Amino acid sequence: MPKDQTAVMCHNIAKYNREHQQPDLTPLEAAEMLEDIAVVSDLKAVDGKRSGVVKIGRVDAEDLRIAASYLRKIAAGEYKPVVHAHWKLVSESTQCDLVKCTHCGRSIAVARNVPLDEWRAAKPYCDQCGALMNGKSDDHA
Ligand SMILES: [Zn+2]
53 MPKDQTAVMC HNIAKYNREH QQPDLTPLEA AEMLEDIAVV SDLKAVDGKR SGVVKIGRVD
113 AEDLRIAASY LRKIAAGEYK PVVHAHWKLV SESTQCDLVK CTHCGRSIAV ARNVPLDEWR
173 AAKPYCDQCG ALMNGKSDDH A
């Protein structure tokens with residue numbers, strides 16, 4: 053769907069919400085609204101022509117369904133904000149290095165015979181908080 057058309061639709065939804073004093077739509081409500089518009093656009097009149105109740109093209113209707121499917125995934129919690137962190141080396145001993153997730157503080161002891169860079173490469177996510185371990189690191193060994 054062209055950007056200006058999407059902008060007009062967003063503007064109209066926001067205007068409708070203001071006029072009806074509704075809180076912002078939840079992702080699920082927005083998905084249902086887009087799906088309703090797509091369904092209505094597919095309605096056919098008795099003569100087999102498109103009804104024209106909602107004048108959007110077949111491709112645009114499909115785009116609405118795609119947008120709605122993403123909104124449904126957002127509503128289901130499939131997409132979450134990505135947290136960036138890194139494994140910070142906090143102490144070294146003869147036996148092991150102690151690294152800590154800079155987001156949640158999870159500490160893990162890494163045996164000294166395992167190179168820290170290799171260990172970090174094998175552990176791209178914090179197993180406690182799920183942070184993506186690509187954040188800035190200031191302690192490259
Ligand atoms: Zn963490």
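Per the numbering used here, the very first residue in the sequence shown carries number 53; after that it's consecutive. Cβ coordinates follow ideal geometry from the N, Cα and C atoms, glycine included. In this text, all values refer to a predicted model and were calculated from it rather than measured experimentally.
Residue nearest to asparagine 165 within the set Lys152, Cys181, Ser159, Gln147 is Gln147 (criterion: CA-CA distance).
Placement of the Cβ of histidine 155 at a distance of less than 7 angstroms from at least one heavy atom of ligand 1 is found. The beta carbon of leucine 168 sits closer than 7 angstroms to those of Leu141, Asp149, Val162, Ala193, all from its chain and outside the five residues before and after it, given in chain order.
When distances are taken from the beta-carbon of alanine 174 to the heavy atoms of ligand 1, even the shortest one reaches 7 angstroms or more. In this structure, leucine 86 sits away from alanine 128, with a CB-CB distance that is not shorter than 8 angstroms. Per DSSP, lysine 125 lies in no beta strand (DSSP E) segment; the continuous alpha helix (DSSP H) that holds it begins and ends at 110-127. Nearest neighbour of aspartate 115 by Cα position, chosen from Glu130, Lys132, Tyr131, Ile89, turns out to be Ile89. Residue range 168-174 is occupied by the alpha helix (DSSP H) that includes glutamate 170. Around tyrosine 131, the same chain offers Lys125 as residues with beta carbons nearer than 7 angstroms, after the five sequence neighbours per side are excluded. A Cβ-Cβ distance of about 4 angstroms is found for the pair alanine 137 and alanine 183, placing them in contact under the 8 angstroms criterion. Valine 135 is a Cβ neighbour of histidine 155, given a cutoff of 8 angstroms. Spanning the alpha carbons of tryptophan 171 and valine 91 requires a straight line of approximately 51 angstroms.
Counting C-beta atoms within 10 angstroms of its own C-beta, serine 93 has 16 or more neighbours from the protein chains shown and is therefore classed as buried.
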